[in-house]
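To start, the structure under review is shown below, and the notes come after it.
Protein chains: 2
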Amino acid sequence: MSDNTSAILEQWFPRDDVVLQQLGKQVQRVILPAGHVVFRRGDACRNYIVVVRGSVRVQTLSAGGREVVLYRVTDGQTCVITTSCLISEESYPAEGVTDVETEALVIPQAVFNEALGYSESFRRFVFANQGQRLGDLIQRVEDVAFGRVDARLARHLVDRCGSRPGTVSATHQQLASELGTAREVVSRQLKVFEKDGLIAVRRGLVEILDPDALARVAGEDR
Amino acid sequence: MSDNTSAILEQWFPRDDVVLQQLGKQVQRVILPAGHVVFRRGDACRNYIVVVRGSVRVQTLSAGGREVVLYRVTDGQTCVITTSCLISEESYPAEGVTDVETEALVIPQAVFNEALGYSESFRRFVFANQGQRLGDLIQRVEDVAFGRVDARLARHLVDRCGSRPGTVSATHQQLASELGTAREVVSRQLKVFEKDGLIAVRRGLVEILDPDALARVAGEDR
DNA sequence: GACATGCAGTGACATAATCACACTGCGGGC
DNA sequence: GCCCGCAGTGTGATTATGTCACTGCATGTC
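One line per chain: the protein sequences are E and F, in this order. By the working numbering, the letter at position 208 of the first sequence is numbered 208, and the numbering carries on one by one without gaps. By the working numbering, the letter at position 162 of the second sequence is numbered 162, and the numbering carries on one by one without gaps.
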């Protein structure tokens, strides 16, 4: 069990509170492999899920068969959709898939409800997470509605490799889903970046040669 | 005071519960004129707001100065952003403006927090609302990313006038904000609809002549 | 009437999405 | 090894949208 797990459990279900201690015992820990489908569109939601370590991307399949990534849930975070579905007892409107091996806490609905009523700090955690994911979603609407593809692509690559040169492992199709655009557009844009010496592309792989220049492209607000 | 207000107050703060009764006394009712700015980007959030009657649109101003409408809050609903900002004590990431004269309940932060811990039914209401607005947002991401402007515009007009012929009062700029596109695009598309005899346009007004045909345009999934 | 202002129309151009199809690297089966 | 299949990629043609620059038009104010 990772240190994170213990810390989170201790924080929410401290030893000195008998009620929370009891609730804490019903929390399970799971480790999911990369690519595991955590929930599908239409599934009923039965558990509150907290990602302790790893990354889950939440995406939706449009009528035309295209995918957009809505947001990611990473270390110490939870998913807005899960939370609201859990309480309103609606089914999932999107799907969640692990990007990498992911460690998560699974809190049954009943336990979640009790903890929510009992502990203000738990409530605060839950809602703060809601706010953050919500902000991600709003940002996404703005990006897709107004953002230029070159800037968005550059930003995404920089985000994934940091400020040091390195490689990002993704197909053009995956990148397109991240950005809410089409594969061809990504292919062409990558070509442009490559011609400018910012990156090198190989099958399923993008090598970042000049993160600073890339960051500059990302930052140029039109 | 409208019937709705009494009903909502009675539902959340019933007479037979002394604690909730006390909390209920601190809830205020306000009537806001059309076009009133309920909250601005960057404002701190101090109250939980429930729209009893009317409509508030929540929108965001992008870096380029363009506006998108994220969703609307109407009769009996609340705003996701308000809720999560209130609990996580962050500032508003968007702004809210009344479309029409709007009657609302204003619940101070402290009262909201207490009620949330005390009443499961109140909690359920709060989160169910979160889920609905969230669904709106997801839909918006899909629309903006994949939707065709003609279909979205047609759908929007139909939504606003119903299945009977009638008039929608909005400038092209307003329509563009609703759809997350540019004014010129709306102007051109309206011209096309007009040429096809679906609508007639006048300054600040769109007259719906053939709602059925318009609905057909809206429904044609690509 | 002169002017300011907000709204709408339009052409030219840039960017992005879509469609159609060719090409390529790689792994599995033989 | 060789062939094949397939996911991944490249590219041109076409259409849809977004952007820019500017004009015209209605309305209100002085």
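Just so you know, even glycine gets a beta-carbon here, dropped at the ideal spot from N, CA and C.
- Judged by DSSP in its simplified three-state form, L32(F) adopts strand.
- Residue pairing of F39(E) in beta bridges, as defined by DSSP: G96(E).
- By a beta-carbon distance limit of 8 Å, A115(F) contacts L20(F). Their separation comes to about 7 Å.
- Among the residues facing chain F, T60(E) is included, as its CB has a counterpart in that chain under 8 Å away.
- Collapsing the DSSP output to three states places E89(F) in coil.
- A straight-line Cα-Cα distance of about 5 Å links Q109(F) and N47(F).
- Those residues of the stretch 118-136 of chain E placed with their C-beta closer than 7 Å to a C-beta in chain F are E120, R123, R124, F127, A128, Q130, G131, L134, G135, ordered along the chain.
- H156(E) and R140(E) have their alpha carbons spaced roughly 12 Å apart.
- Per the Cβ contact rule, the stretch 62-79 of chain F is in contact with the stretch 130-149 of chain F (3 or more Cβ pairs under 8 Å).
- Scanning its chain for C-beta atoms nearer than 6 Å, with the 5 sequence neighbours on each side dropped, one finds around T78(E) the residues V50, N129, in chain order.
- Note on geometry: alpha-carbon atoms of A176(E) and R123(F) lie some 38 Å from one another.
- For the stretch 85-109 of chain F, residues whose beta-carbon sits nearer than 7 Å to a beta-carbon of chain E comprise C85, I87, S88, E90, P93, A94.
- Taking CB atoms only, R164(E) has no neighbour in chain F less than 8 Å away.
- Taking the Cα positions, V106(E) is about 23 Å away from D136(E).
- Under the 8 Å criterion on CB atoms, G180(E) is classed as interfacial with respect to chain F.
- Among the residues of chain E, those whose CB is under 8 Å from the CB of V141(F) are T60, V68, L70, L137, R140, V141, V144, G180, following chain order.
- Residue burial annotation: R203(E) is exposed, with fewer than 16 other C-beta atoms found within 10 angstroms of its C-beta.
- Under the Cβ criterion of 8 Å, L116(F) is counted among the residues facing chain E.
- Looking at L134(E), V80(E), G166(E), the one whose alpha-carbon comes closest to that of E90(F) is L134(E).
- For R148(F), the three-state secondary structure derived from DSSP is coil.
- In this structure, T98(E) places its C-beta atom within 8 Å of the C-beta atom of G54(E).
- For the C-beta of I81(E), the chain F residues within less than 7 Å are, from N- to C-terminus, L134.
- The beta carbon of D43(E) sits closer than 7 Å to the beta carbons of S91, Y92 from its chain, once the five residues preceding and following it are set aside; these are given in chain order.
- The Cβ atoms of V38(E) and G96(E) sit closer than 8 Å to each other.
- Considering only beta carbons, the part of the stretch 39-64 of chain F lying closer than 7 Å to chain E consists of T60, S62, A63, G64, in chain order.
- The beta carbon of C161(F) lies closer than 8 Å to those of T167, V168, I208, P211 in the same chain, with the five residues before and after it left out.
- L205(F) has its alpha-carbon roughly 7 Å from the corresponding atom of T171(F).
- In the displayed model, T5(F) falls within a helix according to three-state DSSP.
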